[in-house]
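Numbering (the numbering used here), first residue to last: 65 to 202. For glycine and all other residues, C-beta sits at the position ideal for the given N, C-alpha and C. Working notes for the structure below.
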């Protein structure tokens with residue numbers, strides 16, 4: 065994952081959104097963008113085989129039980145630089161709606177939230193975010 069520049073948080077969250085059968089078949093929908101991006105790496109199939117074998121050797125529960133367990137420890141939403149920057153830009157214009165949405169979203173980061181989905185908080189970062197540079201100095 066490190067070699068590919070994968071988004072670790074979303075990769076693990078999205079692993080909880082697919083079935084083992086989908087992983088084994090390699091049928092990963094483009095909407096599961098972090099896994100889809102990772103699936104193009106040459107070692108992905110080998111990793112999936114090891115992952116599935118490991119799950120089958122230690123877990124006897126259903127996909128639904130595994131997914132529920134994983135979704136309880138892998139957040140769907142985390143504060144990203146681009147999200148904060150977008151909220152800051154609006155706040156500088158006295159529009160605090162995005163600050164409020166971020167606060168509401170991050171109170172329950174494990175639950176799917178319609179408003180956060182519409183804002184793209186679980187989506188691939190926008191292209192402008194690639195150029196974003198953040199400084200911790202104040």
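{"query": "Give every residue of the same chain whose Cβ lies closer than 6 Å to the Cβ of residue 164, excluding the five residues on either side of it in the sequence, and list them in chain order.", "result": "none"}
{"query": "DSSP on residue 72, reduced to helix/strand/coil?", "result": "helix"}
{"query": "Starting from the Cα of residue 179, find the closest Cα among 167, 189 and 188 and give me that residue.", "result": "167"}
{"query": "Would you decide whether residue 124 is buried or exposed? Buried here means 16 or more other CB atoms lie within 10 Å of its CB.", "result": "exposed"}
{"query": "Going by beta carbon distance, what residues of the same chain come within less than 6 Å of residue 134, once the five residues before and after it are set aside?", "result": "80"}
{"query": "Run through DSSP, which three-state label would residue 115 get?", "result": "helix"}
{"query": "Mind checking residue 140: buried by the 16 CB within 10 Å criterion, or exposed?", "result": "buried"}
{"query": "Who are the near neighbours of residue 150 in its chain, counting only those whose CB is closer than 7 Å to its CB and skipping five residues on each side?", "result": "162"}
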